[in-house]
Amino acid sequence: MNVETLTTLTVYGLADGAVLALAALGFVLIYKATQVINFAQGEFLLIGGYTFYAAFVLFGLPTTVAVLFGVVVAVALGVVVERFVLRPLVGESAISVIMVTVGLAAVLRGVMQLIFGVQARQMPAVLPAGTVEVLGARLPLNRLLVLVVAAVVLIAFALFFRRSRHGVAMRAVADDQQAALTMGISARRVFAMSWALAAVSALVAGVLLADITAVTPDLVSFGLLVFPVVILGGLDSVAGTIVGGIIIGLSEQFVSGFYDPGFAQIVPFILLVVILMVRPYGLFGQVRIERV
Amino acid sequence: MTLRDRSPATPEGAHQASSGGDPVLRLHNIEVIYDRVVLALRGVSIEVAEGTIAALLGPNGAGKSTTLKAVSGLLPTERGEISDGHIRFCDRDVTHLDAAARVRLGISLCMEGRHVFKHLTVADNLAAGAYTRGTASREDLDLVYEYFPRLVGLRRRAAGYLSGGEQQQLVIGRAMMARPSLLMLDEPSLGLAPTLVEDIFGYIARLNRELGTTVLVIEQNARQALEVAHRGYVMEQGRIVLEGSAAQLRNNPDVKEFYLGLGEHGRRKSYRDVKHYKRRKHWL
Numbered sequence: 057m058n059v060e061t062l063t064t065l066t067v068y069g070l071a072d073g074a075v076l077a078l079a080a081l082g083f084v085l086i087y088k089a090t091q092v093i094n095f096a097q098g099e100f101l102l103i104g105g106y107t108f109y110a111a112f113v114l115f116g117l118p119t120t121v122a123v124l125f126g127v128v129v130a131v132a133l134g135v136v137v138e139r140f141v142l143r144p145l146v147g148e149s150a151i152s153v154i155m156v157t158v159g160l161a162a163v164l165r166g167v168m169q170l171i172f173g174v175q176a177r178q179m180p181a182v183l184p185a186g187t188v189e190v191l192g193a194r195l196p197l198n199r200l201l202v203l204v205v206a207a208v209v210l211i212a213f214a215l216f217f218r219r220s221r222h223g224v225a226m227r228a229v230a231d232d233q234q235a236a237l238t239m240g241i242s243a244r245r246v247f248a249m250s251w252a253l254a255a256v257s258a259l260v261a262g263v264l265l266a267d268i269t270a271v272t273p274d275l276v277s278f279g280l281l282v283f284p285v286v287i288l289g290g291l292d293s294v295a296g297t298i299v300g301g302i303i304i305g306l307s308e309q310f311v312s313g314f315y316d317p318g319f320a321q322i323v324p325f326i327l328l329v330v331i332l333m334v335r336p337y338g339l340f341g342q343v344r345i346e347r348v
Numbered sequence: 041m042t043l044r045d046r047s048p049a050t051p052e053g054a055h056q057a058s059s060g061g062d063p064v065l066r067l068h069n070i071e072v073i074y075d076r077v078v079l080a081l082r083g084v085s086i087e088v089a090e091g092t093i094a095a096l097l098g099p100n101g102a103g104k105s106t107t108l109k110a111v112s113g114l115l116p117t118e119r120g121e122i123s124d125g126h127i128r129f130c131d132r133d134v135t136h137l138d139a140a141a142r143v144r145l146g147i148s149l150c151m152e153g154r155h156v157f158k159h160l161t162v163a164d165n166l167a168a169g170a171y172t173r174g175t176a177s178r179e180d181l182d183l184v185y186e187y188f189p190r191l192v193g194l195r196r197r198a199a200g201y202l203s204g205g206e207q208q209q210l211v212i213g214r215a216m217m218a219r220p221s222l223l224m225l226d227e228p229s230l231g232l233a234p235t236l237v238e239d240i241f242g243y244i245a246r247l248n249r250e251l252g253t254t255v256l257v258i259e260q261n262a263r264q265a266l267e268v269a270h271r272g273y274v275m276e277q278g279r280i281v282l283e284g285s286a287a288q289l290r291n292n293p294d295v296k297e298f299y300l301g302l303g304e305h306g307r308r309k310s311y312r313d314v315k316h317y318k319r320r321k322h323w324l
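In order, the protein sequences belong to chains X and V.
Residues in the first sequence are numbered consecutively from 57, following our numbering.
Residues in the second sequence are numbered consecutively from 41, following our numbering.
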């Protein structure tokens, strides 16, 4: 094992982990605020990737405008899904709601295939190609930038929750809906906002992923990796999601680099099973505060 | 003594500061139904004059909490609805306004059982309270911390770890952040030690005196409530059965016996007098 491989694998792992954390963040947001387990998070990612592709390649918009277009579509998608799919289900059992999100996932995937077909589409790289040398390792610049962009977006989200008025409102609703209502914080608005933000974070993850791979229906499979990440992180913790994403990303890359790339693909799910056995509430699962 | 005494407080019975202005809150014949079948309020009319404290007394299940929820617009979250009557706040009909809009108008409710945001810090709880006013302003925060200096040191603590008394202070402070003109409190003394109860009512009286906030408070501890309140209402089975100035209520033999625990001549109640119970409850 040399420093060079180690550095390369670490950067690849961190980049993967940061993108995973972004994808999982949306899932955590929705779960935290609305207690809905969203099986369509991978599809949000897919739609994000394709929307950006459509705006950037098909419509030929400049990068920033394409990103803005993607954000607008993502917000609209989130709000529409919340309003017309989830809200009628308020008060239904958790299993029914989960089944509906599974169905929603199938519908969204189908619609994307109808519009864009099933073959992979190459997207001209947005992030510069080039390589940089770090500690003797030649690292592709785009991986590093993916890491930077994902980190910036994650920090922005974290600050939003911590500091902003709406972030506080979202946490308040997650904590005690009725009390939040007595402060004039409408749960409906917060629900819509969490779905919209989930779609936006998935969009960013989708665009970044599409940039380092390609725009294909396979982007959905990345959505499956959200589960090991959130279970590891503790389902309702933003910090846990980031740590969980990085652990999954790194372990996948290390196993792939030092042992076997095929085996690496199942590592996240082995971790998932292990964590469920030893610490089912995850690394950062919310400590239930009980005073008697 | 007339038991449904709706005449203005008599001079000798009036509390010194009861000379409030016009009614800021007016409930007229409010009827509330839960689940379309359970009639919880059967025509409740209450008036709270601007700048005064009104106390709502009565046994469990009388409809006190329902009354406050009707005023704050929380009924829809519990499958309840106002089926008759209307509520006016500052000369505006708010009967069917949604809860958030009422908070913006200046109606705040501190729910029974404190309901702090357990996993949020004390500072974030206060920030959430200021939601309708944008971000928490420095002056509002300073005012709350001046009222409740204990909270200053606890700012970064998760509210769930605070003691009961501290949580109650936080809940009142959080409500103050919205700068309400009408503050409603549902049993603020629930589960608190007697000295803390006294403190809580001290804060309520101070709020009312210094900020001019109108207060409507539900309380099981009638003695405590009638000490600070200007006017009181007694509810039973979804109706107002008795109302009057605090002094009138304090001297009412029924209130004395059932809510203040005093016998005929100011003596402490004893089991000897229990036989009076049926006879005394003649207001029903």
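Heads up, the beta-carbon is just placed ideally off N, CA and C, and yes, glycines get one too.
None of the values given here were measured: they were computed from a predicted structure.
So, for leucine 210 of chain V: in the same chain, excluding its five sequence neighbours on each side, which residues have a beta-carbon less than 7 angstroms away from its beta-carbon? Taking the second sequence and counting its residues from 1, the one referred to as residue 210 of chain V is at position 170. Once the five neighbours on either side are set aside, the close Cβ partners of leucine 210 of chain V are Val156, Val162, Asn165, Leu191, Ala199, Leu202.
What's the gap between the Cα of threonine 235 of chain V and the Cα of alanine 207 of chain X? For the purposes of this step, residue 235 of chain V is taken as the residue at position 195 of the second sequence. For the purposes of this step, residue 207 of chain X is taken as the residue at position 151 of the first sequence. Answer to the nearest angstrom: the Cα atoms are 51 angstroms apart.
Nearest residue (CA-CA) to phenylalanine 108 of chain X, options X:Ala255, X:Phe319, X:Gln309: Walking along the first sequence from the start, residue 108 of chain X turns up at place 52. Among X:Ala255, X:Phe319, X:Gln309, the Cα nearest to that of phenylalanine 108 of chain X is on X:Ala255.
Cα-Cα separation, glutamate 206 of chain V to isoleucine 122 of chain V: As a position in the second sequence, residue 206 of chain V is number 166, starting the count at 1. As a position in the second sequence, residue 122 of chain V is number 82, starting the count at 1. Glutamate 206 of chain V and isoleucine 122 of chain V: Cα-Cα distance of roughly 34 angstroms.
Give the straight-line distance between the Cα atoms of alanine 162 of chain X and glycine 279 of chain X, rounded to the nearest whole angstrom. Your numbering for residue 162 of chain X matches position 106 in the first sequence. Your numbering for residue 279 of chain X matches position 223 in the first sequence. Looking at the two C-alpha atoms, the distance is approximately 13 angstroms.
What residues from the segment 217-234 of chain X come within 7 angstroms of chain V, judged by C-beta to C-beta, listed N to C? Arg221, Val224, Ala225, Arg227, Ala228, Asp231, Asp232, Gln234
In chain X, which residues lie less than 9 angstroms from phenylalanine 188 of chain V when you measure between Cβ atoms? Within the second sequence, the letter at position 148 stands for residue 188 of chain V. Near phenylalanine 188 of chain V there are no residues of chain X at all, since even the closest Cβ is about 17 angstroms away, more than 9 angstroms.
Suppose only complete runs of 4+ residues qualify. What are the alpha helix (DSSP H) ranges in the segment 137-184 of chain V, listed by chain order? 139-145, 162-169
At the level of alpha carbons, what is the spacing between phenylalanine 95 of chain X and valine 156 of chain X? Numbered from its first residue, the first sequence carries residue 95 of chain X at position 39. Numbered from its first residue, the first sequence carries residue 156 of chain X at position 100. Their Cα atoms are separated by approximately 9 angstroms.
Sort out for me which residues DSSP pairs glutamate 71 of chain V with in a bridge. By 1-based counting over the second sequence, the position of residue 71 of chain V is 31. Glutamate 71 of chain V pairs with V:Arg82, V:Asp124.
According to DSSP, serine 285 of chain V sits in a beta bridge with which residue or residues? Taking the first residue of the second sequence as 1, we reach residue 285 of chain V at position 245. DSSP output for serine 285 of chain V lists V:Arg271 as bridge partner(s).
Cβ of valine 171 of chain V less than 8 angstroms from any chain X Cβ? The residue you call residue 171 of chain V lines up with position 131 of the second sequence. The question names valine, but residue 171 of chain V is tyrosine in the sequence shown. Yes, because at least one Cβ of chain X sits closer than 8 angstroms to the Cβ of tyrosine 171 of chain V.
Tell whether a beta-carbon distance below 8 angstroms holds between alanine 258 of chain X and phenylalanine 115 of chain X. For this step, residue 258 of chain X is matched to residue 202 along the first sequence. For this step, residue 115 of chain X is matched to residue 59 along the first sequence. In this structure, phenylalanine 115 of chain X does not lie closer than 8 angstroms to alanine 258 of chain X by Cβ.
Using a Cβ-Cβ cut-off of 8 angstroms, state whether threonine 50 of chain V counts as contacting chain X. Taking the first residue of the second sequence as 1, we reach residue 50 of chain V at position 10. The predicted model places threonine 50 of chain V with a pLDDT of 38, which falls under 50 and marks its position as unreliable; any figure quoted below should be read in that light. No, no contact with chain X.
Can you tell me which of the three DSSP states phenylalanine 314 of chain X falls into? Reading the first sequence from its first residue, position 258 is the one you call residue 314 of chain X. In the structure shown, phenylalanine 314 of chain X sits in a helix (DSSP, three-state: H, G or I).
Could you pull the start and end residues of the alpha helix (DSSP H) that methionine 224 of chain V belongs to? Here residue 224 of chain V refers to the residue found at position 184 of the second sequence. Counting along the chain, methionine 224 of chain V falls outside any alpha helix (DSSP H), though it belongs to the beta strand (DSSP E) covering 222-226.
Can you give me the Cβ contacts of aspartate 72 of chain X inside the same chain, cut-off strictly under 7 angstroms, excluding the 5 residues immediately before and after it? In the first sequence, the residue the question calls residue 72 of chain X occupies position 16. Counting only Cβ-Cβ distances below 7 angstroms, and skipping sequence neighbours, we find Gly305, Glu308, Gln309.
Rounded separation between isoleucine 127 of chain V and leucine 108 of chain V - CA only: Walking along the second sequence from the start, residue 127 of chain V turns up at place 87. Walking along the second sequence from the start, residue 108 of chain V turns up at place 68. Isoleucine 127 of chain V and leucine 108 of chain V: Cα-Cα distance of roughly 11 angstroms.
Name the residue from V:Lys104, V:Asp131, V:Gly101 whose alpha carbon lies nearest to the alpha carbon of aspartate 62 of chain V. The sequence position of residue 62 of chain V within the second sequence is 22, counting from 1. Selected option, being the one with the closest Cα: V:Asp131.
Boundaries of the alpha helix (DSSP H) in which arginine 245 of chain X is found, first to last residue: What you label residue 245 of chain X is simply residue 189 of the first sequence in a count that begins at 1. From DSSP, the alpha helix (DSSP H) with arginine 245 of chain X extends over 243-268.
According to DSSP, is leucine 43 of chain V part of a helix, a strand, or is it coil? As a first step, residue 43 of chain V must be located in the second sequence, where it is residue number 3. Summary for leucine 43 of chain V: the model assigns pLDDT 43, below 50, so the residue's position carries little reliability, and this model does not support an answer.
List the endpoints of the continuous alpha helix (DSSP H) containing isoleucine 287 of chain X. The residue given as residue 287 of chain X occupies position 231 in the first sequence. Unbroken alpha helix (DSSP H) run through isoleucine 287 of chain X: 282-289.
Pick helix, strand or coil for arginine 347 of chain V, following the three-state DSSP scheme. As shown, chain V starts at 41 and ends at 324. That puts residue 347 of chain V outside it, with no answer to give.
I'd like to know whether the C-beta of serine 149 of chain X is nearer than 8 angstroms to at least one C-beta of chain V. Taking the first sequence and counting its residues from 1, the one referred to as residue 149 of chain X is at position 93. Judged by the 8 angstroms Cβ criterion, serine 149 of chain X is not in contact with chain V.
Leucine 191 of chain X - containing alpha helix (DSSP H), residue span: As a working note, residue 191 of chain X is residue 135 in the first sequence. Taken as a continuous stretch (DSSP letters only), leucine 191 of chain X belongs to no alpha helix (DSSP H), as it is neither H nor E.
Cβ closer than 7 angstroms: which chain X residues qualify as neighbours of arginine 196 of chain V? If you number the second sequence from 1, residue 196 of chain V lands on position 156. Per Cβ cutoff of 7 angstroms: no residues; arginine 196 of chain V is ~12 angstroms from chain X at best.
Pair within 8 angstroms by beta-carbon distance, alanine 89 of chain X and serine 242 of chain X: Indexing the first sequence from 1 puts residue 89 of chain X at position 33. Indexing the first sequence from 1 puts residue 242 of chain X at position 186. Contact: no.
Quick one: which chain X residues come within Cβ less than 7 angstroms of threonine 253 of chain V? On the second sequence, residue 253 of chain V is found 213 positions in, with the first residue counted as 1. Result: empty, since nearest Cβ-Cβ is about 16 angstroms, beyond 7 angstroms.
Report yes or no: do three or more beta-carbon pairs, one from the segment 252-259 of chain V and one from the segment 92-110 of chain V, lie closer than 8 angstroms? yes
With burial defined as no fewer than 16 other Cβ atoms inside 10 Å of the residue's Cβ, what is the status of phenylalanine 319 of chain X: buried or exposed? Along the first sequence, one-based indexing puts residue 319 of chain X at 263. Counting Cβ neighbours within 10 Å, phenylalanine 319 of chain X comes out exposed, since fewer than 16 surround it.
Identify the contact partners of isoleucine 241 of chain X in chain V, using a Cβ-Cβ distance below 9 angstroms as the criterion. The residue you call residue 241 of chain X lines up with position 185 of the first sequence. Those within 9 angstroms of isoleucine 241 of chain X in chain V are Ala140, Val143, Ala168, Tyr171, Thr172.
Option nearest threonine 106 of chain V by Cα separation, candidates V:Asn248, V:Val84, V:Ala287, V:Glu90: Here the question's residue 106 of chain V lines up with position 66 in the second sequence. Here the closest residue by C-alpha is V:Val84.
Could you give the first and the last residue of the continuous alpha helix (DSSP H) run that contains leucine 81 of chain X? Stepping through the first sequence from its first residue, residue 81 of chain X is reached at position 25. Unbroken alpha helix (DSSP H) run through leucine 81 of chain X: 59-90.
Phenylalanine 241 of chain V: buried (16+ other C-beta within 10 angstroms of its C-beta) or exposed? Within the second sequence, residue 241 of chain V is the residue found at index 201, counting from 1. Buried, by the Cβ-count rule.
Under the DSSP definition of a beta bridge, which residues are partnered with proline 63 of chain V? Residue 63 of chain V sits at position 23 when you count from the first residue of the second sequence. V:Ala89, per the DSSP bridge assignment.
In whole angstroms, give me the CA-to-CA distance for proline 284 of chain X and proline 324 of chain X. Numbered from its first residue, the first sequence carries residue 284 of chain X at position 228. Numbered from its first residue, the first sequence carries residue 324 of chain X at position 268. About 6 angstroms.
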